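J.:
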Amino acid sequence: MRISVFGLGYVGSVTAACFAKVGHEVIGVDTNAEKVGMVNAAMSPVVEPGLGVVLAEVVEARRLRVTISSEEAVRNTDLALICVGTPGRANGHLNVDAIERVGREIGQALRSRPDPYTVVLRSTVLPGTTERVLVPALLAGARRKAGPWLRLAVNPEFMREGSSLRDFAHPPFTLVGCPDPETASLLRWLYAGVDAPFVHTAVRTAEMIKYVSNAFHALKVSFANEIGDVCEAFGVDAQEVMRIFLMDRKLNVSEAYLRPGFAFGGSCLPKDLRALLHAALSADVSLPLLSAILPSNEAQIRRGVEAVLGARKRRVGVIGLSFKPGTDDLRESPMVALVENLIGKGCDVRILDRNVSIARLVGANRRYIEEEIPHIASLMCENVETLLAHAEVLVIGNTSEEAALALAAIGPHHVVIDLTRGAVRPSSTPSMEASWREEFSDFDSAFSPSSSSRSP
Ligand SMILES: NC(=O)c1ccc[n+]([C@@H]2O[C@H](COP(=O)([O-])OP(=O)(O)OC[C@H]3O[C@@H](n4cnc5c(N)ncnc54)[C@H](O)[C@@H]3O)[C@@H](O)[C@H]2O)c1
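Count along the sequence shown starting at 1, add 1, and that's the number in the numbering used here.
Here it is as structure tokens:
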């Protein structure tokens, strides 16, 4: 394929060299004449292990050349990869001037081109930038309306300086955000030699994933460093702690606890976090990241309360009172905090929670409900119909069977505040028994006496 690469910094020079290495014909473009001269002389414009060797090979083989002319690069290629810098100001504001400028230049070069051209944005940009900045710049440069002549995709990359060549060949995934399957197919073909799952998604999702990934990486580094600090203060070997911590691929390094939803609670997480923070404080260890977790959690509860109050209706039906479905434990439940806030603001609240109601009947959590939160106990409903008959606003607090039933039965007059953020799908048939059976089938097979004789 004939490819142009705009911006020959860390990302662009590695991208250009790697695509040329696998046989594509690549033209690099940079405004910096010094970089252009260096690459054309087969010298790496950045310090990156292995890049010099690959550049020497592909420049020698005439599969990569570099120019300062955008027009020349676009005229002689069918696809452009934009890898220009997107520097941040001190206040965090992202400067996307270079994206705008490159977009205009590519657009200008496409003014009278009859056959389609594909523009792929590799630089890191905030969600919406492609639509708000790049597309208008391309159309303004071309003086054309959007149409089949222009194909567009976002393709963030996940290379790390120092191991870019290896990361280019083995990324966690090849991520492409574009609206049409044709462009996705083209990029799937372009990346056919790359050893990674191909993920096609919406443009804004692809833009966002890069930020989520980098924010999470930063969070992980700071988390590990704070754990290192607190271990040192307690006289514990931090490397050994983290080595063992990382062995848990079920709860620690896994999908667990990484779904957007509502605040955490229960009898362990808040208590244990407070104990750790208190002990660290007593040892004069500062833990700004860990200290921010409980305030962040409280902000989620406030956000939920504000969403309900924002509906400007008094009668509220809440599904789920315990801190997660499948338990009757109300200790530190964020749903209890939410309900108490709503009552305090004058809302007329009813609550449905199968486990908590059963607990009241058999007495498992009875003392807590009747002695600690009697004002809430009296608000419990017995079924979805009663709750919906009362409620103007329905709050989905967990992913229980009742939540699915209620969502299937709501009327046009009900306002729904879904604290699970879409984790519950409306269902008119009870499914809990089935999901329990599924969940415990592993348990059964692991512990049943005949399990060892079962064939896989
Ligand atoms: N460095 C990394 O490891 C890394 C990793 C992932 C993503 N990113 C993202 O990739 C993008 C590029 O990062 P980088 O580190 O390679 O940037 P860089 O600053 O090293 O290089 C950017 C290059 O773009 C050139 N440029 C600027 N305006 C231009 C224009 N109008 N036409 C042609 N060239 C132009 C500059 O001269 C420079 O050589 C950024 O959005 C960055 O956030 C970087």
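Where is the CB? At the ideal position from N, CA and C, for every residue including glycine. In this text, all values refer to a predicted model and were calculated from it rather than measured experimentally.
So residue 320 and residue 407 are in contact, right, with Cβ under 8 Å, and what is the actual spacing, rounded?
T.: So it is a contact: roughly 6 Å between Cβ atoms.
J.: Can you find at least 3 beta carbon pairs, one from the region 171–183 and one from the region 196–203, that sit closer than 8 Å?
T.: Touching, per the Cβ criterion.
J.: Counting Cβ pairs, one atom from each stretch, are 3 or more of them under 8 Å apart for the region 31–44 and the region 76–84?
T.: As far as the Cβ criterion goes, the region 31–44 does not touch the region 76–84, which means the pair count is below three.
J.: What are the boundary residues of the beta strand (DSSP E) that includes residue 26?
T.: Counting along the chain, the beta strand (DSSP E) containing residue 26 begins and ends at 26–30.
J.: Is the closest heavy atom of ligand 2 to the C-beta of residue 11 under 7 Å?
T.: Of the ligands one can find in the structure shown, namely ligand 1, none is ligand 2.
J.: Kindly indicate which residue of 162, 135, 217 has the alpha-carbon position closest to the one of residue 254.
T.: Comparing Cα-Cα distances from residue 254 to each of 162, 135, 217, the minimum goes to 217.
J.: Would you tell me roughly how many angstroms separate the C-alpha atoms of residue 434 and residue 264, rounded to the nearest one?
T.: With a pLDDT of only 45 at residue 434, under the threshold of 50, the placement of this residue in the model should not be trusted; the figure read from the coordinates follows. Going by the C-alpha atoms only, they are around 26 Å apart.
J.: Go through its chain and collect everything with a Cβ distance to residue 106's Cβ below 6 Å, but skip five positions before and after it.
T.: So the qualifying residues of the chain are 71.
J.: Between which two residues does the alpha helix (DSSP H) harbouring residue 154 extend?
T.: It is not in any alpha helix (DSSP H) - residue 154 instead sits in the beta strand (DSSP E) that spans 151–155.
J.: Determine the closest residue to residue 58 out of 190, 41, 423, with distance taken between C-alpha atoms.
T.: Closest option to residue 58, Cα to Cα, is 41.
J.: Given residue 156, which residues of its chain have a CB within under 8 Å of its CB, disregarding the five upstream and five downstream residues?
T.: Correct list, in chain order: 82, 121, 122, 123, 175, 176, 177, 178, 188, 207.
J.: Just the C-alpha distance for residue 368 and residue 158, rounded to the nearest angstrom, thanks.
T.: Distance between the alpha carbons of residue 368 and residue 158 is about 55 Å.
J.: Which residues in the same chain as residue 171 place their Cβ atom closer than 6 Å to its Cβ, once the five residues preceding and following it in sequence are excluded?
T.: Excluding residues within five positions, the ones whose Cβ falls inside 6 Å are 196.
J.: By a C-beta neighbour count over all protein chains shown, 10 Å radius and 16 as the cutoff for buried, is residue 436 buried or exposed?
T.: Annotation note: pLDDT 49 at residue 436 (below 50); position unreliable, no value reported.
J.: Return the CA-CA distance between residue 221 and residue 336, expressed in angstroms with no decimal places.
T.: Approximately 28 Å, taken between the alpha carbons.
J.: Given a cut-off of 8 Å on the beta-carbon distance, is the pair residue 315 and residue 347 in contact?
T.: Yes; because the gap between Cβ atoms is below 8 Å, this pair is in contact.
J.: For the beta strand (DSSP E) holding residue 95, just list the boundary residues, first then last.
T.: First-last for residue 95: undefined, no H or E at that position.
J.: Hey, out of 167, 132, 145, whose CA is closest to residue 111's CA?
T.: Looking at the Cα atoms, 145 is the closest of the given residues.
J.: Taking the runs of the alpha helix (DSSP H) that are 4 residues or longer, which of them lie wholly in the region 55–95?
T.: Here the runs fully enclosed are 71–76.
J.: Between the C-alpha atoms of residue 378 and residue 409, what's the straight-line distance to the nearest angstrom?
T.: Going from the Cα of residue 378 to the Cα of residue 409 covers about 26 Å.
J.: Should residue 160 be listed as close to ligand 1, given that the test is whether its C-beta is under 7 Å from any heavy atom?
T.: Yes - ligand 1 has a heavy atom lying nearer than 7 Å to the Cβ of residue 160.
J.: Where does residue 459 sit, in a helix, a strand or coil, going by DSSP?
T.: The requested residue 459 is not part of the displayed model; the chain covers only 2 to 457.
J.: So, with DSSP's three-state summary, where would you put residue 391?
T.: In the structure shown, residue 391 sits in a helix (DSSP, three-state: H, G or I).
J.: Is residue 36 near ligand 1 - that is, is its Cβ less than 7 Å away from at least one heavy atom of it?
T.: Yes, ligand 1 has a heavy atom inside 7 Å of this Cβ.
J.: Closer than 7 Å: is that where the CB of residue 99 sits relative to any heavy atom of ligand 1?
T.: Residue 99 Cβ: within cutoff of ligand 1.
J.: What does DSSP give as the partner residue(s) for residue 118 in the beta ladder?
T.: BP columns for residue 118 point to 151.
J.: Measure the C-alpha to C-alpha separation of residue 190 and residue 27 and round it to an integer number of angstroms.
T.: Taking the straight line from one Cα to the other gives about 16 Å.
J.: Just mark residue 246 as buried or exposed, buried being the case when its beta carbon has 16 or more other beta carbons within 10 Å.
T.: Answer is exposed; the Cβ neighbour count stays below 16.
J.: Does the distance between the C-beta of residue 156 and the nearest non-hydrogen atom of ligand 1 fall short of 7 Å?
T.: No, the beta carbon of residue 156 sits no closer than 7 Å to any heavy atom of ligand 1.
J.: At a cut-off of 7 Å, would you count residue 113 as near ligand 1, judging by its Cβ distance to the nearest heavy atom?
T.: Every heavy atom of ligand 1 is 7 Å or more from the Cβ of residue 113, so no.
J.: Helix, strand or coil for residue 224, going by three-state DSSP, please let me know.
T.: Of the three classes helix, strand and coil, the one that applies to residue 224 here is helix, per DSSP.
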